[in-house]
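So the protein lines, in turn, are chains A and B. Using this note's numbering, the first residue of the first sequence is number 311, and each one after it goes up by one. Using this note's numbering, the first residue of the second sequence is number 72, and each one after it goes up by one.
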Amino acid sequence: MYSNATQTKVTCYHCGEDVVEKHYHIKEKEFCCRGCQTVYEIINKSDLCSYYDLEQNPGINQKQEIRKGKFDFLDDAQIIKKLIHFQDDTHQHIIFYLPQMHCASCIWILEHLNKINSGIIKSQVNFIKKEVTIIYNFHETSLKKVAEALTLIGYEPHISLNDVSTDKVKKYDTTAIVKLGIAGFCFGNIMMLSFPEYFSLAKSDDIGLKTWFSYLNLFLALPVFFYSASEFFISGYKGLRQKFLNIDAPIAIAVLITFGRSLYEIISGTGAGYLDSMSGIVFFMLIGRYFQNRTYQSISFDRDFTSYFPLGVSVINEDGTEKQISVADLKVGNRIKIHNDEIIPADSILFLGKATIDYSFVSGESLPVEKSIGEIAYAGGKQTSGAIELEVVKEVSQSYLTQLWNNEAFKENKEKVKVSFIHRVSRYFTYFLFSIAAIAAIYWSINDPSKVWGAVTAILIVACPCALLLSATFTNGNMIRILNKYKLYVKNASVIEYMSEIDTVVFDKTGTITEQGKSEISFQGIELFETQSQLIHSLANQSNHPLSKSIVSFLPFSKRLNIKNYKEFKGFGTSATINGHFIKMGSSDFVLGKDSAQLISGSRVYVSIDEEFIGYFIVKNAYRNGLEKIVSSLHTQFDLKILSGDNSSEENYLKTIFGNKTEMLFEQKPEDKLNFIKHLQNNHKKVLMIGDGLNDAGALKQSNVGIAISDNTNNFSPACDAVLSGKNFTLLKELVNYCRKQKTIIFSSFVLSILYNFVGLFFAVQGDLKPVIAAILMPISSISIVLLTTGLSSFYELKLKKLNPDKSQF
Amino acid sequence: MSAIFIMIGASLLLAIGFLIAFIWSVKSNQYEDDYTPSVRILFDNTTIQETKQETNNNTKKTK
């Protein structure tokens, strides 16, 4: 049982964070904030306290309060209709995405939602996808109330514009598993029925039994040939129609020939055929494909701005009343109200209120921008200082930011641009194979024409490039699994190959090499006494300005002080009388009365107490830990470049890390970034782009490999090829180098399989391939390939293992 | 020896039965989420009056 009495540091009973102010407690349970306490009360009242027994401090921190009325738009009948999945006379089904879901307790409480809202009939969690399916009686409750109930216990559903887009339901595709199951079933049974043949048990005296077995085998092979193997035929045919010989074509030919020869042998009664080998190899190849395509389900790689934008927005009618409408229905001229921490959905002009807009995600500017009435605020910015009213000047799809998605980079399919080396290798292999078959055919047609047909078919049966496909799929599958372990989630297997060819690495600045929402802060001046730092802390705590907020988090909190005459001067600073001392804080113009025009990196905040200047704070971007180390190691191998949407104030500092030669571009618009990548590619560079925000979306899409960095995999990340956890940023070079091993591994196992092929060919060219030999060679070579690829990919992983800084799961 | 004709046929029919069960389990999305049921089954049912949890079908593929 959990008790926090033994710990010197008190942690919140709900969310496990350190408790700073001991204001909130119920009995001996301490809470870090009112939010957490409220959630505990609700859970306690609903008799759901097992929540806290299943896992320690399972809750989600509630320091950020969620505005009342946030889900008002869910009362709109149109929106409800678009969101719900199913409806009958009394029930509605809704699937909510809950990114906060992280443990067994979450599953438990989310499946007992009817204790909190009795209108909820059933709720079922899909933990892998972080989704909960809720069935509720809409006569007793409403969608809005369901969403509010979830929010009440700390699981605020993530509802974005993307949820109402037309083709939302990505159906779980079961065909691959069914094909695999059928192939496995038939393979096993054919093997079993072939045993008499292998050991020559059914001697010629029992022809009836032998034919019975053979025909049963044929019957079992039909679904394998016509259903399970169909994808090889389809893909091979498609390739040939585009005049391209891919790896599936020779495989399809081999399967076809094996089946044809077996059919002939069985019907003519001359032999048992190779149906066991055929279904076996199809089964193994399907396993490989399945293994390779199994990607991380909870991460979506195709997000565009719609999953970042909110779904509903309050529109103010002419008579002053507020109405919730869907963002998609927003028209030019609409007056909208944006609350604190909400995203501006369309380009609009500020009408009323004080706007401090955080564009870090949209444009890369690290500090929020203040806007005055009449100025234009671009879509995608996040309002950070209270409610404002704006007038829409452009529709959502036409705004400055969203236009990026009209670029052609988003239209073409990158997969088709480059052909995997597997197909090239398979082509050589196929030519080689056909020449051996031809030589054998010529040889036997001279020496013993009766053996031509047997030898040629046997060669094509035994040596199809199945082994190459097996090596590739198992290697890729295993590498994807290992990369996942190091929090690099790749979209599909071809990303590994693209990654191995990279020669240029382009970094975004804000949020990528700097840590999102964090700034480095230091104080220059006199040594601060505790009383002085208390005074500064209290003053800074009054203001919502981002610089004040950084100072608050920098100084230790002690106690609440008595504040009088608090004043805020926009663009200059703040002042107040605290405990009888007059404190000023802000620009040097404001505090010292003169402008210091020094150009240095970061922003300064000057402080004076009782009109006496005591020093200034420097607030700088906080760069990721170990940045210098990783940059110097990457330098040896790649061309590095920086592409930032921010201003060049940090250029000098960046030069000290990246060196003078590194190309650095600042104040880049999203299109500029995209075009820069294009330009590099035109110069035959293979570009790896690392970014995080919406403004990088174009560049990420255009680059050969686009990696989105994410400090929290639940957060939004733009469309990309891979997502890397910010904690493992320092592993970048090793991860790229690990991907480079892909070819080595595939080739090694391919060479091994060729050795087996030679043994098989040895029998085949003599026209003397017994089914039992094929049946032994096929599984042995397949299994040894699987073992070798697994072994090698784990061996190369050792280097990563030593360096892995973040071992936590999920 | 003729018994073996029937035996083999019967065993195959039985196996096909299992195959159909497997396909049904896949089609009814039982493989969609392979984590949550493993946690769900460990919860105490004492606080739940109506057990509405889906039973966890483990159909086996036969050889």
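Heads up, the beta-carbon is just placed ideally off N, CA and C, and yes, glycines get one too.
Helix, strand or coil for A/T451? Go by DSSP, reduced to three states. Looking up residue 451 of chain A in the first sequence gives position 141. Correct three-state label for A/T451: coil.
With 8 Å set as the bound, which would you pick, yes or no: does the beta-carbon of B/L83 sit closer than that to a beta-carbon of chain A? Walking along the second sequence from the start, residue 83 of chain B turns up at place 12. Cβ-Cβ to chain A under 8 Å: yes for B/L83.
Comparing the C-beta of A/L420 with each C-beta of chain B, is any distance below 8 Å? Translated into the one-based positions of the first sequence, residue 420 of chain A becomes position 110. False, the Cβ-Cβ gap to chain B never drops below 8 Å.
Give a yes or no on whether the minimum CB-CB distance between B/I79 and chain A is below 8 Å. Counting from one through the second sequence, the residue named residue 79 of chain B turns up at place 8. Contact of B/I79 with chain A is assigned, a C-beta pair being separated by under 8 Å.
Cβ pair count under 8 Å reaching 3, the region 480–499 of chain A against the region 451–470 of chain A: The region 480–499 of chain A is not in contact with the region 451–470 of chain A.
For A/A582, I'd like the list of residues in its chain whose CB is within less than 6 Å of its CB, leaving aside the five on either flank, ordered along the chain. As a working mapping, residue 582 of chain A is identified with position 272 in the first sequence. Within the same chain, A/A582 has close Cβ partners E507, S524 and P1081.
Which whole-angstrom value describes the C-beta separation of A/N556 and A/H733, a residue pair presumed to lie in contact below a C-beta threshold of 8 Å? Your numbering for residue 556 of chain A matches position 246 in the first sequence. Your numbering for residue 733 of chain A matches position 423 in the first sequence. Contact flag correct, Cβ pair sits at about 5 Å.
Output, in chain order, the set of chain B residues within a Cβ distance shorter than 8 Å of A/T484. Here residue 484 of chain A refers to the residue found at position 174 when the first sequence is read from its first residue. The answer, in chain order, is V97, K98, N100 and Y102.
Mind checking if A/K478 is an interface residue toward chain B, Cβ cutoff 8 Å exclusive? Reading the first sequence from its first residue, position 168 is the one you call residue 478 of chain A. Model confidence at A/K478 stands at a pLDDT of 48, short of 50, so the residue's coordinates are unreliable and nothing is read from them.
Should A/I1095 and A/S781 be called a contact, given that it needs their Cβ atoms to be closer than 8 Å? On the first sequence, residue 1095 of chain A is found 785 positions in, with the first residue counted as 1. On the first sequence, residue 781 of chain A is found 471 positions in, with the first residue counted as 1. Against a cut-off of 8 Å, the Cβ pair of A/S781 and A/I1095 comes out as a contact.
Expected contact under 8 Å - CB spacing of A/I1000 and A/D813 to nearest Å: Within the first sequence, numbered from 1, the residue matching residue 1000 of chain A stands at position 690. Within the first sequence, numbered from 1, the residue matching residue 813 of chain A stands at position 503. Wrong, their Cβ atoms sit about 15 Å apart, outside the cutoff.
If the criterion is Cβ atoms closer than 8 Å, does the pair A/I940 and A/T824 meet it? Within the first sequence, numbered from 1, the residue matching residue 940 of chain A stands at position 630. Within the first sequence, numbered from 1, the residue matching residue 824 of chain A stands at position 514. It is not a contact, given that the beta carbons lie outside the stated cut-off.
Can you say whether A/K641 is buried or exposed, counting buried as having 16 or more other CB atoms within 10 angstroms of its CB? To locate residue 641 of chain A, count along the first sequence from 1; it is residue 331. Looking at its Cβ environment, which holds fewer than 16 other Cβ atoms inside 10 Å, A/K641 is exposed.
Grab me the residues of A/I698's own chain with a C-beta within less than 6 Å of its C-beta, minus the 5 sequence neighbours each way, in chain order. Looking up residue 698 of chain A in the first sequence gives position 388. I648, G663 and A665, listed in sequence order.
By a C-beta neighbour count over all protein chains shown, 10 Å radius and 16 as the cutoff for buried, is A/Y350 buried or exposed? Along the first sequence, one-based indexing puts residue 350 of chain A at 40. With 16 or more Cβ atoms within 10 Å of its Cβ, A/Y350 is classed as buried.
Quick one: list the residues of chain B neighbouring A/F437, beta-carbon separation under 8 Å, in chain order. Looking up residue 437 of chain A in the first sequence gives position 127. Per Cβ cutoff of 8 Å: D104, Y106, T107 and V110.
Whole-angstrom distance between A/Y407 and A/Q908, CA atom to CA atom: As a working note, residue 908 of chain A is residue 598 in the first sequence. As a working note, residue 407 of chain A is residue 97 in the first sequence. Here the model assigns A/Q908 a pLDDT of 49, short of 50, so the residue's position is not dependable, and the following value carries that caveat. Each residue's Cα considered, the two are about 49 Å apart.
Quick check on B/G88: buried or exposed, where buried means 16 or more other Cβ atoms within 10 Å of its Cβ? The residue labelled residue 88 of chain B in the question sits at position 17 within the second sequence. The residue in question, B/G88, is exposed, as its Cβ has fewer than 16 Cβ neighbours within 10 Å.
A/K454 and A/D385: beta carbons closer than 8 Å? Translated into the one-based positions of the first sequence, residue 454 of chain A becomes position 144. Translated into the one-based positions of the first sequence, residue 385 of chain A becomes position 75. Cβ distance < 8 Å, so A/K454 and A/D385 count as in contact.
Chain B residues whose Cβ lies nearer than 9 Å to that of A/G579: Here residue 579 of chain A is taken as the residue at index 269 of the first sequence, counted from 1. Near A/G579 there are no residues of chain B at all, since even the closest Cβ is about 18 Å away, more than 9 Å.
Count the other CB atoms within 10 Å of the CB of A/T783; is the residue buried (16 or more) or exposed (fewer)? Looking up residue 783 of chain A in the first sequence gives position 473. Result: buried.
Do A/A687 and A/L660 have their C-beta atoms closer together than 8 Å? Residue mapping note: residue 687 of chain A aligns to position 377 of the first sequence, counting from 1. Residue mapping note: residue 660 of chain A aligns to position 350 of the first sequence, counting from 1. Closer than 8 Å, so yes.
Unbroken beta strand (DSSP E) runs of length 3 or more, entirely within the region 834–909 of chain A: which are they? Correct list: 873–879, 883–888 and 891–896.
Going by beta carbon distance, what residues of the same chain come within less than 8 Å of A/Y264, once the five residues before and after it are set aside? An answer regarding residue 264 of chain A cannot be provided, because it is not within the stretch 311 to 1120 covered by chain A.
If you run the structure through DSSP and keep just helix, strand and coil, what is A/T484? Mapped onto the first sequence, residue 484 of chain A falls at position 174. Three-state result, A/T484: coil.
For my contact list, A/S942 and A/Y916 are in at a C-beta cut-off of 8 Å; report their separation, rounded to the angstrom. As a working note, residue 942 of chain A is residue 632 in the first sequence. As a working note, residue 916 of chain A is residue 606 in the first sequence. At roughly 36 Å, the Cβ-Cβ gap does not stay under 8 Å, so A/S942 and A/Y916 are not in contact.
Can you list the residues of chain B that A/A414 reaches, using a CB-CB cut of under 7 Å? As a first step, residue 414 of chain A must be located in the first sequence, where it is residue number 104. The contacting residues are V110.
At least three beta-carbon pairs within less than 8 Å, the region 430–446 of chain A to the region 103–112 of chain B: Yes: the two stretches touch, three or more of their Cβ pairs being nearer than 8 Å.
Can at least three beta-carbon pairs, one atom from the region 784–798 of chain A and one from the region 914–932 of chain A, be found at a separation below 8 Å? Verdict: no, contact absent.
Could you tell me the distance, in whole angstroms, from the CA atom of A/K633 to the CA atom of A/L714? Counting from one through the first sequence, the residue named residue 633 of chain A turns up at place 323. Counting from one through the first sequence, the residue named residue 714 of chain A turns up at place 404. Rounded to the nearest angstrom, the two C-alpha atoms are 30 Å apart.
I believe A/T820 touches A/S670 by the beta-carbon criterion, under 8 Å. Please report the beta-carbon distance rounded to the nearest angstrom. Position 510 of the first sequence, counted from the start, is the residue given in the question as residue 820 of chain A. Position 360 of the first sequence, counted from the start, is the residue given in the question as residue 670 of chain A. With 8 Å as the limit, A/T820 and A/S670 qualify as a contact, their Cβ atoms being about 5 Å apart.
Is A/H989 helix, strand or coil by DSSP? Translated into the one-based positions of the first sequence, residue 989 of chain A becomes position 679. Correct three-state label for A/H989: helix.
For A/L662, three-class secondary structure by DSSP: On the first sequence, residue 662 of chain A is found 352 positions in, with the first residue counted as 1. Here A/L662 sits in strand by DSSP.
Do you know how far the Cα of A/G546 is from the Cα of A/P560? One-based indexing of the first sequence puts residue 560 of chain A at position 250. One-based indexing of the first sequence puts residue 546 of chain A at position 236. Computed Cα separation, rounded: 8 Å.
Am I right that A/K692 and A/I646 are in contact with their C-beta atoms under 8 Å? What's the rounded C-beta distance? As a first step, residue 692 of chain A is located in the first sequence; it is residue number 382 there, counting from the start. As a first step, residue 646 of chain A is located in the first sequence; it is residue number 336 there, counting from the start. About 15 Å; that fails the 8 Å criterion.
DSSP three-state assignment for A/S636, whether helix, strand or coil: As a first step, residue 636 of chain A must be located in the first sequence, where it is residue number 326. In the three-state scheme derived from DSSP, where H, G and I count as helix and E and B as strand, A/S636 is classed as strand.
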